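Engineer:
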Ligand code: PEP
Ligand code: MN
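Numbering (the working numbering), first residue to last: 247 to 581.
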């Protein structure tokens with residue numbers, strides 16, 4: 247349920263109303279938007295007399311929210327959420343370019359890539375230290391050493407770092423990580439999501455291989471229900487009957503999610519297509535569709551990458567992508 251307040255409602259009035267609602271056993275979420283304040287109520291609202299609340303002088307309207315996701319719902323929070331990450335932000339005017347290798351392989355590799363992607367316009371550095379591989383015989387990542395390498399690259403370049411967690415017990419290792427990624431395979435690892443909800447870390451939540459947008463939003467809700475509202479959603483392609491591309495990029499997820507939620511949305515054209523040459527057109531299309539950012543795999547030597555070489559761009563190709571995407575962004579900002 248939400249209560250939309252009339253403009254000019256004082257902080258004192260809001261406080262009185264929220265303490266009364268809390269006394270009814272509800273969680274209260276206040277969103278002071280650009281035009282009006284919205285009070286969102288989570289919990290058993292069945293016993294709440296909506297007419298009584300609506301009759302209050304300060305209340306403009308009361309509406310029941312039919313969707314099962316509440317905190318993530320745009321109706322709870324009409325303005326876009328802007329998340330500050332290190333020296334940058336996502337969700338507002340700043341378009342995010344998150345770039346780096348699929349996996350951290352060595353300090354030299356990450357340093358070289360980090361400097362190159364920064365020069366090409368990246369705003370964050372990605373790299374997997376814990377890798378969720380389909381085969382147990384494939385490279386599983388450098389683990390704690392990989393995180394140390396990312397932190398060195400962050401110190402050298404100033405780029406905030408994004409890296410994947412697979413086990414909540416590893417959280418202490420992520421203390422200095424700026425954005426914790428939950429990979430597609432863990433999107434519905436609810437115990438992991440609950441644990442991340444108890445942190446104040448920014449979480450990049452990737453859509454599962456065969457999950458609906460509603461399920462993605464419910465996974466975000468798991469994290470938000472614990473009190474952590476810093477979530478970036480990521481569409482990375484879903485499984486369909488198509489086999490030429492690794493996955494099928496669902497670009498309609500961008501405008502659809504923007505209607506449903508206030509959380510920022512990034513597109514990962516690398517995992518979505520699995521092919522380096524398809525990354526640029528899909529990155530441009532994602533920007534045109536209104537995405538808040540891109541996550542792109544970049545490797546200094548794709549042919550010898552330990553993971554996902556075929557979809558990795560060289561730093562030069564990545565620079566072409568940022569250039570083209572910036573042109574798209576400039577074109578759409580004109581209308
Ligand atoms: C990744 O970003 O490295 C990754 C493993 O992605 P996904 O979880 O989308 O497969
Ligand atoms: Mn990868």
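From the three backbone atoms N, C-alpha and C, an ideal C-beta is built for every residue, glycine too.
For clarity, every value in this text was computed on a predicted model and none was experimentally measured.
1) Is residue 323 near the ligand PEP, judged by its Cβ being under 7 angstroms from some heavy atom?
2) With a threshold of 16 other CB atoms inside 10 Å of the CB of residue 582, please say whether the residue is buried or exposed.
3) Since residue 343 and residue 375 should fall inside the 8 angstroms C-beta cutoff, what is the C-beta to C-beta distance between them, to a whole number of angstroms?
4) May I have the straight-line CA-CA distance separating residue 255 from residue 304, to the nearest angstrom?
5) Does the ligand MN have even one heavy atom less than 7 angstroms from the beta-carbon of residue 517?
6) Considering only residues of the same chain and omitting the five flanking positions on each side of residue 406, which have a CB-CB separation below 6 angstroms?
7) Count the other CB atoms, across all protein chains shown, that sit within 10 Å of the CB of residue 354; report buried if there are 16 or more and exposed otherwise.
8) Counting only beta-carbon atoms, is residue 444 nearer than 8 angstroms to chain C?
9) Near residue 308, what residues of its chain come up, given a Cβ to Cβ distance below 6 angstroms and the 5 sequence neighbours on each side ignored?
10) Under three-state DSSP, which class holds residue 525?
11) Counting beta carbon pairs with one atom in the region 560 to 577 and one in the region 383 to 395, are three or more of them shorter than 8 angstroms?
12) Taking one C-beta from the region 485 to 495 and one from the region 514 to 521 each time, how about it: are there three or more such pairs within less than 8 angstroms?
13) Return the first residue and the last residue of the alpha helix (DSSP H) that residue 296 is part of.
14) Under a three-way DSSP split, which group does residue 319 fall into?
15) Just confirm the distance between the C-beta atoms of residue 585 and residue 311, as a whole number of angstroms; I'd bet it's less than 8 angstroms.
16) So for residue 247, helix, strand or coil by DSSP?
17) Please list the terminal residues of the continuous beta strand (DSSP E) segment that includes residue 481.
Structural biologist: Let me lay it out:
1) Counting from 1 along the chain shown, the entry for residue 323 is found at position 77. For the ligand PEP, not one heavy atom lies less than 7 angstroms from the Cβ of residue 323.
2) Residue numbering for the chain in the displayed model covers 247 to 581; residue 582 lies beyond these limits and cannot be assessed.
3) The sequence position of residue 343 within the chain shown is 97, counting from 1. The sequence position of residue 375 within the chain shown is 129, counting from 1. 21 angstroms between Cβ atoms; not a contact.
4) Here residue 255 corresponds to residue number 9 of the chain shown, with the count starting at 1. Here residue 304 corresponds to residue number 58 of the chain shown, with the count starting at 1. Their backbone Cα atoms lie some 6 angstroms apart in a straight line.
5) Here residue 517 is taken as the residue at index 271 of the chain shown, counted from 1. For the ligand MN, at least one heavy atom lies less than 7 angstroms from the Cβ of residue 517.
6) Here residue 406 corresponds to residue number 160 of the chain shown, with the count starting at 1. Cβ within range, chain order: 331, 332, 370, 424.
7) As a first step, residue 354 must be located in the chain shown, where it is residue number 108. Looking at its Cβ environment, which holds fewer than 16 other Cβ atoms inside 10 Å, residue 354 is exposed.
8) This model lacks chain C altogether; it includes just one protein chain.
9) Walking along the chain shown from the start, residue 308 turns up at place 62. So the list reads 249, 296, 299, 300, once near-sequence residues are dropped.
10) If you number the chain shown from 1, residue 525 lands on position 279. In the structure shown, residue 525 sits in a helix (DSSP, three-state: H, G or I).
11) no
12) The region 485 to 495 vs the region 514 to 521: in contact.
13) As a first step, residue 296 must be located in the chain shown, where it is residue number 50. Element bounds for residue 296: 296 to 300.
14) Mapped onto the chain shown, residue 319 falls at position 73. Looking at residue 319 - three-state DSSP - the assignment turns out to be strand.
15) The structure shown does not extend to residue 585, since the chain is modelled only from 247 to 581, so the question has no answer here.
16) Position 1 of the chain shown, counting from 1, holds the residue named residue 247. When secondary structure is reduced to three states using DSSP, residue 247 falls in the coil class, being assigned neither helix nor strand.
17) On the chain shown, position 235 is the one that residue 481 refers to. Note, residue 481: beta strand (DSSP E), 477 to 481.
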